[in-house]
Amino acid sequence: MASSSSIQHNDNNSDNNIMRKRLILPILSRREEEQQIRDAWDYIHEGVRVVFLVGKSGTGKTTAVTQALHAAKAGSGARFQSLQASTKFDQKRACAPLKGLRQLVSSLVVAATRTCGRTLRDKLSHEQYKTLQSFMMPMQRQNTQRMLFSSSPSKRRFSAPRRFSAFLKQYTAQELSDSDGDSIASNEDHEDHERTETTEDLDDASIRSRNNEVNKDSRTLLTTTLRATLRAISSVSSVILTLDDLHWSCKTTMEVLQKIVTDPQLKNVLVCATFRTDEPTATEGFYEWADELPMNLTVPAEAHTINFDNLQLTAVQELLAEALNKDDVAGLAETVFNFTHGNLFFIKHFMERLQEDDLLTFDMFRHQWVWDVRDIQRQGSLTDNVVQILAARIHKLSKPVQNVLLLASCSGNQFDVRALEATKSALGVDSAYQRIAQAEEHELVMSINSAEGGTHYKFAHDMIQMAAWGMFPEGTDMAQIHWDIGCLLMQEEELLQCDCILFSTVDHLNMKGPNINAEPDLNHNGDEASLRFQLDNVNIRIQLAHLNYRAGCQASALSAFGPAARYIQAGIASLGDRPFECSYDLAYKLFTMAAKTECVGGNLDASQEAAQQVLDHAKTYEEKLPLVSILFNCYQARSNPPKLLEFALATLQQLGENVEENPSKVKVEWEYRKMRFHAKRLSDEKILKLPPMTDYKKETILQIMYKLIFPLYQMEKQRLCTYLTCRMVSITLKHGLSKSLAPHFFVMAATCIISQNQDIEEGYRLGRLAEKVIAKQGGVDPNYGTVLCYLGHLNKWWKEPVHYSLEKFIECNQLSMKSGNVSNAFQSTVGYAVNYFYSGLPLGPLLQDMELFGKLYLEYNQIMFFLLASPLWQCLLNLTGKSADPSTMETGTVMERRKAFPAHKKCGVQSIHSFQMIISYYRGDLEKATEMSEKLADCKPGIMGASFWYASRLYHVALIAIANCRKSPTRKGRQEAEKQVKHFKKLVKKGAINLLHKLQLLQAELMTVDVNPNKPKEVDAVMAMYDSAIVSATRAGFLQDAALANYLCFQFCDTHKVRIHLRELYLKRSVEHWIDWGGFDVADSILERHGGDYQSTCVSVREMKDSSCLNMSNSLRGRSRFDDALAMQHKELRVSAQ
């Protein structure tokens, strides 16, 4: 039953033959549960095994893991070669993101240092080295850097770091390449690596900054590094990872863990994760994630769930019998069971309480434990409430220690001793550090700092914190207690520099909040003697409001806009009903920040209300200008372009820039020619030497014009859109470079030139110029990160592979989400989704992304972006066969959700027609495809004519026109088809590398209109052109175009009865490409049309399709490029102990 001795002797003697001994409960053996863990261990050579140990707190989950692995090691002897690493997650509200994961990695690398340090040096790239080094905990980093990170140049080998860095930039959704484990010495890189700074060169601030950088900006690199590290270690030794209290892990940790455990190349790894059932403070979405994880593994059986319940009465009796070395313990066991309900943690503390009250003693004369069950049951102080039992233990301590624990419990499960030290005068203690050390000796609290001398502690168990909190007398004014603590802390300015103490101080003060006293009398000061710190009522409120503003700004800087909004609202409430009269400057700052934070969170009404307060009370027009951008975002989020345009034009007029809603064609042409002339006249060097813009009004004008571009396109006001684009460049060239907006204008000018004159070279030059301006200014201003979006969406794709541009959208999204510019962030998601769709990459990850985007659009109240993205979302469902009627988008689930916004019917209509046209054409419904094509005929793209999606739309329009011409030849139809082919030929000739295969397919299709099947030379020419299109599309990675080219070639052969021996090959390749792309419905429709004639081919591709459908969630899941970690960061305030 047990695996340790039951009694520990003590040297302290007492009277009456009673000897003071400490009862040690034996380690409980859960044979069945431990055997399941050992069974999972036996199969880790096949891959990663995950064991979930689930149960209530105190049921022995972690102990079972330790015992099982100890038994496995004892049974295996020398054959048991393993490295063990463990971590314990803390409650997320007081823990830095990834902190638990960082501790796990640190302990793993420390364990691996001696056994496989050389393997790590050989198999990790330089980039991975740096990431691993910065991610480790400080203490472990210092202990291992000498062996792992500071090897001599002669012994240090890296796996082609330059090649690996280039791979990371192009990293889309695929797993690590097989060459990750290769050790390729790169002699020319030794010098560069030798200059790389080590941890010894970094101060604490740099380390914290670097750790935060890993968490926020390099999640992909971190995941890649951890996978490579585990692969390296597991290649020479088995690895056991123990994750305790996983329910408190952050969202990012869950994502990283999922990608690691689903790595098909990772073997010899056992992950044992414990978590509590029905934990109210668990991370949001954790239990859903835990339920879905087994389904995401290659083989669901790789995950095991072991349930842990409280002990039954018989188990308690066996436990006590072995601990007390007596068989007759039935009465005591029943009493203990009634009090503790069989919970191991409660049993431990209950037995300790019995000893402290001398209800369980050791008789030295008889050498046995003695007790009286009736005395235990009669003891009035004992109840079945374990919190009271723990409180009684705390009462046994000295009064100063009790006071410290009492006050520490007010801060939650974790606290900072520096804050307690600041309040020691009120506690009546000489040193809070000493008293906490005494509490730590009694195992009531524990340090959670990785370094010595740390000040961050937590209660050993949440029940202990509840017990300390419960020691406050009934009826205590807890709001006043919190207020007193906050008042003491607010005097310690040095401590308030620490984020966690700043937030804790403000939280304490806000418990009482604005109810400090009655509404302040602005004409009469209160009785100073009755107020704390000799401050009058008004000044107290101002000071509280200022602290809330400070906390709100700091939370906003951490991208926690939800908590920031709450702090700001508390600050506003502190100023009373007349905030601008109480303190004008502070009220102005608070309401301005409130407008921003509420807008980020999607609370548009609250945002506009706060903005209106500023507009009503602002003393100067300049003070109103910062609110313009916020109101803009509110109008845009509500998808109200007319109101937005009216507001913008009125504001521009007030700023001295008169803009007509419908400028004449002559005026637009003049502005365009002027902009083009100045842009060509000035070289890149001269433009880069332009002075910075200093006119704040001009800066505001440019902001308004820039923000109008996207809504104007939705309103189909292309002429005004072009005029504003040209005007922005002219203002920039005349008044200097705007720090945050200048790159945008050059990108917009590039798109304008490309769309108007197809001058790709000049447009590409201006796009490159935008990147040079960014480099000159030291990076993109996060508030206007959409320059990256436009670089990818409207410019870069002409000269670079289209999938390269996706990185720009991702970077823009991350920059904008961190800065709180959700409008830019979601605009980048729309651009990313559209470019991804047309790039030919597999649709699976994009469908996952669209589901996430749709949730976030509605969560942030960004109706316009939901309406713009919903057609693509529905199109994906149709193409992948997940829609009830894949042939039409009208009855899809996503389109039904659009009906909830009847006031915005026009938004996204073009996209609906465009995607319906593509679906119909792919399915062979030429009539419906033609109908949709005709509806799009009058849609003018404006500056969006430079975008890849518009070129792709024209490509499908041209294919439909050629198909109609072939079906019923007409002169007009032939001219229209030739016009489109000529347009594409012109673009390709000017360097549009992503349109070559499209042009070749259009030429092949056009040749089939007049081909004579009886003339072999004409047939050979058509087939050669089809083959060229297939090869070009396949090499460029456009899966859907390769599939389409193969099918059209098959159709040509089948219709004209030529190349009969190749028809089946083209058909099979077409369906295979559709399946690889994720277009399962298109593959189905082809099989339905041709299944009877090509039975053998259809059977084989159906098997391939079924296999792909089954594995789609496994092979593609987790490869999504986006997650909701940054959105969660907006809601949660997470700071690390500093």
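Count along the sequence shown from 1, add 1, and you get the number used in our numbering. Ideal Cβ placement from N, Cα and C applies to all residues, glycine included.
Mind checking which residues open and close the alpha helix (DSSP H) that includes residue i?
i, result
"Leu820", "The sequence as given places Ser at residue 820; Leu does not occur at that position. Leu807 to Ser820 is the span of the alpha helix (DSSP H), which, as asked, contains Ser820."
"Thr1", "Outside the displayed range of the chain (2 to 1139) lies residue 1, so it cannot be described from this structure."
"Leu859", "Leu844 to Glu860"
"Pro872", "Ile864 to Leu880"
"Phe916", "Val910 to Tyr923"
"His483", "Met479 to Leu490"
"Val803", "Note, Val803: premise wrong, no alpha helix (DSSP H); not H, not E."
"Leu496", "From DSSP, Leu496 is part of no alpha helix (DSSP H); its letter is neither H nor E."
"Gln37", "Arg32 to Trp42"
Reducing DSSP to helix, strand and coil, say where residue i ends up.
i, result
"Gly1080", "coil"
"Met138", "Bear in mind that a pLDDT of 44 at Met138, under 50, signals an unreliable position, so the number given afterwards is only what the model happens to contain. If DSSP states are grouped into helix, strand and coil, Met138 belongs with coil."
"Ser969", "coil"
"Glu176", "Confidence at Glu176 is low in this model, with a pLDDT of 30, below 50, so the placement of that residue should be treated as unreliable; the coordinate-derived value is given next. In the structure shown, Glu176 sits in coil (DSSP, three-state: anything other than H, G, I, E or B)."
"Ala283", "coil"
"Cys273", "strand"
"Pro693", "strand"
"Ser1071", "helix"
"Asp310", "coil"
"Leu937", "coil"
"Val446", "strand"
"Ser83", "strand"
"Asp67", "The identity of residue 67 in the sequence shown is Thr, whereas the question assumes Asp. Note: Thr67 maps to helix in three-state DSSP."
"Ala885", "coil"
"Gly553", "helix"
"Ala993", "coil"
"Thr931", "helix"
"Lys397", "coil"
"Phe902", "coil"
"Arg579", "coil"
"Val111", "helix"
"Asn511", "helix"
Where does residue i land, buried or exposed, given buried means 16+ other C-beta within 10 angstroms?
i, result
"Leu770", "buried"
"Asp292", "exposed"
"Val669", "buried"
"Thr621", "exposed"
"Val371", "exposed"
"Met447", "exposed"
"Gly476", "exposed"
"Asp364", "exposed"
"Asn308", "exposed"
"Phe1162", "The shown model of the chain, from 2 to 1139, leaves out residue 1162, and the question about it has no answer."
"Asp578", "exposed"
"Glu701", "Note that residue 701 is Thr in the sequence shown here, rather than Glu. So Thr701 counts as buried."
"Ser219", "Confidence at Ser219 is low in this model, with a pLDDT of 45, below 50, so its placement is unreliable and the value that follows should be read with caution. Its Cβ being crowded by 16 or more others within 10 Å, Ser219 is buried."
"Val667", "exposed"
What is the residue span of the beta strand (DSSP E) that residue i lies within?
i, result
"Trp249", "Premise fails: Trp249 is in no beta strand (DSSP E) and is neither H nor E."
"Tyr458", "His457 to Phe460"
"Thr55", "Note that residue 55 corresponds to Val in the displayed sequence, not to Thr. Its beta strand (DSSP E) spans residues Val49 to Gly56."
"Ile241", "Ser239 to Asp245"
Per DSSP, which one or two residues make a beta bridge with residue i?
i, result
"Asn344", "The partner list for Asn344 (beta bridge, DSSP) is empty, contrary to what the question assumes."
"Lys1140", "Because the chain is modelled from 2 through 1139, residue 1140 falls outside the range shown and cannot be assessed."
"Phe416", "Tyr458"
"Asp305", "According to the sequence as given, residue 305 is His; it is not Asp. Val52."
Under 8 Å between C-beta atoms, does residue i make it to chain C?
i, result
"Phe366", "Among the protein chains of the structure shown there is no chain C, as only one such chain exists."
* Asked: Which runs of the beta strand (DSSP E), 3 residues or longer, sit entirely within the segment 1012–1064?
  -> none
* **Secondary structure, alpha helix (DSSP H): runs of 4+ residues fully inside the segment 607–647** => 622–638
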